[in-house]
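Data first, discussion second: the structure below is written as structure tokens.
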DNA sequence: TCTGTAGGCGTTTTT
DNA sequence: CGCCTACAGA
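Residue numbers (my numbering): 42 to 805.
Have a look at this one:
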């Protein structure tokens with residue numbers, strides 16, 4: 042089979058002993074290498090169940106299993122292939138008691154997490170506009186990404202002190218609910234792998250990790266631990282495609298792998314089988330400006346290629362219209378099908394105008410991503426019922442359903458029960474059972490009876506779930522009937538309630554499919570270690586429903602595009618401030634990630650690449666004329682780019698006074714590194730912009746047609762140090778507003794960027 | 001308990 | 001602009 046591989050690929054496949062780092066450039070045949078490598082291991086006699094392959098997404102895991110099956114057949118079934126989270130959950134179910142969980146533990150998604158944080162903030166009497174549940178949760182998540190436990194977490198300032206108070210209580214409630222969040226799955230699996238009793242380090246002879254550049258600290262430690270007996274650890278990744286730093290991915294994992302495993306084999310896959318040389322040259326030029334990366338350069342045998350087309354439109358509507366024209370033309374002239382095209386944008390908010398343009402022209406399209414099925418309220422309701430049935434301790438789900446549909450158990454009633462539970466050190470469900478007793482005086486008789494009816498209903502459903510014959514779908518249907526949920530929906534009689542009903546039908550349908558698949562897998566008298574209900578709930582927590590292959594033109598964020606490829610790609614919104622996003626000012630690490638994002642976008646294209654932007658763009662309903670040409674475009678050598686007929690010769694300037702404009706391309710070599718720092722702010726009332734030019738700060742009102750107004754100078758300079766009474770010292774990264782309303786975006790080391798009213802800071 | 005609305009706020013997203 | 005949340009009022 043080596044004949045089907047190039048020398049580097051072949052090296053990566055056959056070097057099976059010891060640690061190995063495979064740096065797989067975009068389009069270099071990474072999946073091929075991983076699957077061939079696993080086939081090679083099996084060929085050499087490694088038992089399939091002693092091979093573990095970990096991925097980030099279910100899609101990648103499925104794809105991998107599918108391709109290995111094609112190579113080796115049935116044996117592929119027994120290879121451990123799964124996402125980090127699913128693999129961790131599987132290991133935890135087998136050893137739940139060892140980490141303080143019961144086997145039927147619940148997995149909380151981010152919505153549940155947020156609800157729980159809100160609950161804890163409420164219980165701790167913390168009502169602080171700086172401590173939104175979102176912010177606190179994100180701090181807890183970040184801590185978990187680094188493996189920092191609630192006990193070990195230390196506050197350093199106002200905000201983190203507050204997190205230090207919330208985190209332990211959050212964690213305690215989570216455990217009392219017999220629940221884990223996504224971060225816990227990994228942390229507990231690591232704990233299990235470390236404690237030795239479960240002997241997880243002996244379980245696998247070979248461990249492979251895909252998308253290694255996206256791993257966080259805990260994930261790295263986990264796979265290192267699982268591979269620790271033989272150190273047959275194979276990590277595959279591309280530091281240039283690391284785009285999830287903001288959710289904990291630690292690029293150091295890939296950059297330091299060789300230090301952690303001295304003598305590790307390193308293979309670079311640099312031959313690209315996807316794109317033309319022109320496209321690769323552009324991608325290489327953009328990514329070359331990043332400092333923190335492993336040196337590599339993609340090449341291809343597909344010399345030349347069509348030039349990259351760059352179009353600057355007047356506004357985002359015209360940008361969309363240009364794309365529609367281009368698609369139409371290529372569809373007719375080159376006989377392309379709509380499925381050949383993909384449109385990428387930096388943020389979802391940009392998709393609407395594009396969608397409208399495509400719809401107006403009757404071009405078929407599919408938007409990838411967006412609202413998720415399991416996020417719909419009615420779906421969450423049903424799942425919450427099932428969770429409480431499977432795990433009565435789950436108080437987040439219990440709180441959700443206790444009065445849904447409304448049954449007269451309101452907030453005050455529920456709070457009394459919670460108070461009782463906390464006082465007696467029981468779960469909320471247990472307290473509920475007690476309070477529902479006739480001789481209990483906690484509630485007035487009316488409320489008590491309603492509660493008793495709810496408790497009885499849940500008991501009945503639980504008994505039904507325990508019966509070996511009842512199906513999941515029937516359980517859900519019974520619940521929908523007995524609670525009157527469907528009846529209420531029908532009574533609404535709106536278009537929306539009809540949609541909701543359909544979603545519920547789809548949900549019960551998916552339950553039937555799941556049970557069917559499970560029966561097939563286990564055989565006629567198969568016994569699973571875990572109940573069908575728990576198995577189903579685990580699946581919906583860990584596996585998003587597959588997005589449909591997509592008909593017509595594909596539209597998605599650049600993040601969603603990773604791992605995909607299309608013959609024709611449009612990268613839109615290439616304006617400084619939009620792409621790259623400059624929300625956090627010009628933090629170099631953030632900019633490097635934006636640059637990697639641009640690299641990912643460009644390398645998705647096989648044959649043709651279009652880059653577009655707009656001189657004016659509406660943002661949050663306001664017109665924002667503050668964007669100039671994306672610096673990433675300026676990084677692409679001029680000779681690779683052509684401008685379509687009707688395109689502008691001048692780059693988008695944002696109507697700035699000449700003195701403030703970025704120098705024209707010709708005036709500046711493409712690789713010049715001393716571009717002036719620019720910060721654009723996204724303030725609502727009037728979008729303003731601050732530039733620093735040789736240390737002199739100027740600010741002007743964008744709406745005044747670019748006039749430059751010294752009176753509006755706030756006196757704040759970018760990079761200036763300020764002190765805030767709550768957050769401590771930070772650095773000014775952006776200035777917006779005038780007079781009393783001047784607001785600053787200040788970056789505080791432990792907290793991150795905050796927007797604060799300038800009056801409250803002290804200039805240092 | 002439910003519904004309407006004002007106000008706030010706003011990347012990227014999988015598990 | 002549009003969504004989501006929080007809260008007021010019926």
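Using N, Cα and C, we set each Cβ at its ideal position, and we do this for glycine too.
Rounded to the nearest angstrom, what separates residue i and residue j at their Cα positions?
i           : j           : result
residue 212 : residue 221 : 9 Å
residue 321 : residue 66  : 11 Å
residue 376 : residue 279 : 34 Å
residue 112 : residue 57  : 18 Å
residue 584 : residue 609 : 30 Å
residue 134 : residue 448 : 35 Å
residue 105 : residue 191 : 36 Å
residue 808 : residue 124 : The question about residue 808 has no answer, for the chain in this structure spans 42 to 805.
residue 364 : residue 383 : 10 Å
residue 700 : residue 674 : Its pLDDT being 30, under 50, residue 700 is placed unreliably by the model, and the measurement read from it follows with that caveat. About 21 Å.
residue 343 : residue 635 : 28 Å
Could you say which of the options lies nearest to residue i if we only look at CA atoms?
i           : options               : result
residue 601 : 454, 238, 93 and 385  : 385
residue 178 : 151, 645 and 548      : 151
residue 616 : 550, 547 and 351      : 351
residue 595 : 392, 284, 140 and 69  : 392
residue 319 : 184, 349 and 441      : 349
residue 502 : 456, 427 and 406      : 427
residue 488 : 444, 508, 531 and 524 : 444
residue 681 : 358, 325 and 394      : 325
residue 466 : 535, 216 and 454      : 216
residue 417 : 547, 306 and 402      : 547
Should residue i and residue j be called a contact, given that it needs their Cβ atoms to be closer than 8 Å?
i           : j           : result
residue 227 : residue 316 : no
residue 246 : residue 87  : yes
residue 461 : residue 483 : yes
residue 218 : residue 437 : yes
residue 413 : residue 425 : no
residue 552 : residue 513 : yes
residue 452 : residue 398 : no
residue 619 : residue 625 : no
residue 429 : residue 499 : yes
residue 839 : residue 655 : No answer is possible for residue 839: it lies beyond the span of the chain, which begins at 42 and ends at 805.
residue 93  : residue 267 : yes
residue 256 : residue 291 : yes
residue 95  : residue 251 : yes
residue 549 : residue 522 : no
residue 294 : residue 59  : no
Classify residue i as buried or exposed, calling it buried when 16 or more other Cβ atoms lie within 10 Å of its own Cβ.
i           : result
residue 479 : exposed
residue 598 : buried
residue 45  : exposed
residue 336 : exposed
residue 370 : exposed
residue 804 : exposed
residue 53  : buried
residue 473 : buried
residue 510 : exposed
residue 126 : buried
residue 679 : exposed
residue 614 : buried
residue 525 : exposed
residue 520 : buried
residue 535 : exposed
residue 167 : exposed
residue 64  : buried
residue 9   : Residue 9 cannot be examined here, being either before or after the span of the chain that is shown, 42 to 805.
Sort out for me which residues DSSP pairs residue i with in a bridge.
i           : result
residue 597 : 385
residue 439 : Beta-bridge pairing links residue 439 to no other residue.
residue 660 : 663
residue 340 : 312
residue 62  : 276 and 307
residue 121 : 93
residue 616 : 670
residue 147 : 220
residue 654 : 353
Would you check whether the ligand NAP has a heavy atom nearer than 7 Å to the C-beta of residue i?
i           : result
residue 205 : Only the bare structure without any ligand can be found here, which leaves the ligand NAP out of the picture.
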